[in-house]
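A.B. asks:
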Amino acid sequence: MIWNTKEPLGPGEARTRQRNIRQALYIGLAAVIGGVIGGATGFFDQGDGSLFGGNWEDLKLPPMLAIALAVMLLGAFVVLPLSGFRMIDDYKREQNYIAFTGGCVSVLAGFPVWAVLHAGGFVPPPHAFGIFAIAYVSMIASFLYARWRL
52 MIWNTKEPLG
62 PGEARTRQRN
72 IRQALYIGLA
82 AVIGGVIGGA
92 TGFFDQGDGS
102 LFGGNWEDLK
112 LPPMLAIALA
122 VMLLGAFVVL
132 PLSGFRMIDD
142 YKREQNYIAF
152 TGGCVSVLAG
162 FPVWAVLHAG
172 GFVPPPHAFG
182 IFAIAYVSMI
192 ASFLYARWRL
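The sequence shown lines up with residues 52 to 201 when you count with the numbering used here.
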């Protein structure tokens, strides 16, 4: 059907709708947490540093805010994804496991490769945002591969 009816057609459809609503709320919560982290970092930065620019020496935050942001980052990058695996079916869970594995393997292999290439004079020195970008891009690529391949 194009339009959703107010009454579910059966118990499976009701569970699917509930799962979809929970996933939307979950993604919304993750977006709010990310916005709070980015906004607080930008607003309360007491120096000229940047999370993305690699100039960590110039990034100055109040100590209690730094602790709060660290807790939020751990929650956003560890707790939310792992608890989110409970909300999805087995097929999507397998796709997400492959994506997480792809991101992990790319960081484990990407940093040493980048460091060796830097030592040879081919690339600039490794930095935190570059490693994060490698993990994020490879996680998306692994997910898309798993989604279209499985």
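Glycine residues also receive a C-beta, built at the ideal position from the N, C-alpha and C atoms.
1) How long is the line joining the alpha carbons of V174 and F183, rounded to whole angstroms?
2) Relative to the C-alpha of A150, which residue among M190, Q74 and A186 is closest?
3) Does the distance from the C-beta atom of P113 to that of F94 stay below 8 Å?
4) What's the C-alpha gap between F162 and Y187?
5) Just confirm the distance between the C-beta atoms of G135 and Y77, as a whole number of angstroms; I'd bet it's less than 8 Å.
6) Taking the alpha-carbon of R73 as reference, which of M138, V130, K111 and G61 has the nearest alpha-carbon?
7) Using beta-carbon positions only, say whether M123 and V83 come within less than 8 Å of one another.
8) Cutting at 6 Å between CB atoms, please list the residues of its own chain near S193, excluding the five before and the five after it.
9) Taking Cβ positions, are A91 and L120 nearer each other than 8 Å?
10) Indicate the three-state DSSP secondary structure (helix, strand or coil) for K111 in the structure shown.
11) With the cut-off set at 8 Å, would you say P177 and A166 are in Cβ contact?
12) Relative to the alpha-carbon of P132, which residue among G61, L195 and N147 has its alpha-carbon at the smallest distance?
13) Hey, could you find the ends of the alpha helix (DSSP H) F162 is sitting in?
14) Can you name the start and end residues of the alpha helix (DSSP H) that R66 belongs to?
C.D. replies: Concretely, from the data shown:
1) Within the sequence shown, numbered from 1, the residue matching residue 174 stands at position 123. Within the sequence shown, numbered from 1, the residue matching residue 183 stands at position 132. So the alpha carbons of these two residues sit roughly 17 Å apart.
2) In the sequence shown, the residue the question calls residue 150 occupies position 99. Minimum Cα distance to A150 is reached at M190.
3) Taking the first residue of the sequence shown as position 1, residue 113 is located at position 62. Taking the first residue of the sequence shown as position 1, residue 94 is located at position 43. In this structure, F94 does not lie closer than 8 Å to P113 by Cβ.
4) Numbered from 1 along the sequence shown, position 111 holds the residue referred to as residue 162. Numbered from 1 along the sequence shown, position 136 holds the residue referred to as residue 187. Cα to Cα, F162 sits roughly 14 Å from Y187.
5) Looking up residue 135 in the sequence shown gives position 84. Looking up residue 77 in the sequence shown gives position 26. Indeed, because the Cβ distance is near 6 Å, the residues count as touching under 8 Å.
6) Here residue 73 refers to the residue found at position 22 of the sequence shown. Per the Cα distances, M138.
7) Locating residue 123 in the sequence shown gives position 72, counting from the first residue. Locating residue 83 in the sequence shown gives position 32, counting from the first residue. Result no, Cβ atoms of M123 and V83 do not sit closer than 8 Å.
8) Indexing the sequence shown from 1 puts residue 193 at position 142. Cβ within range, chain order: I149, A150 and G153.
9) On the sequence shown, residue 91 is found 40 positions in, with the first residue counted as 1. On the sequence shown, residue 120 is found 69 positions in, with the first residue counted as 1. Cβ atoms of A91 and L120: closer than 8 Å.
10) Taking the sequence shown and counting its residues from 1, one reaches residue 111 at position 60. Coil, per DSSP.
11) As a working note, residue 177 is residue 126 in the sequence shown. As a working note, residue 166 is residue 115 in the sequence shown. Taking 8 Å as the Cβ cut-off, P177 and A166 qualify as a contacting pair.
12) Indexing the sequence shown from 1 puts residue 132 at position 81. Nearest C-alpha to P132: N147.
13) Along the sequence shown, read from residue 1 onward, the residue named residue 162 stands at position 111. D141 to A170 is the extent of the alpha helix (DSSP H) around F162.
14) Numbered from its first residue, the sequence shown carries residue 66 at position 15. Element bounds for R66: P62 to F95.
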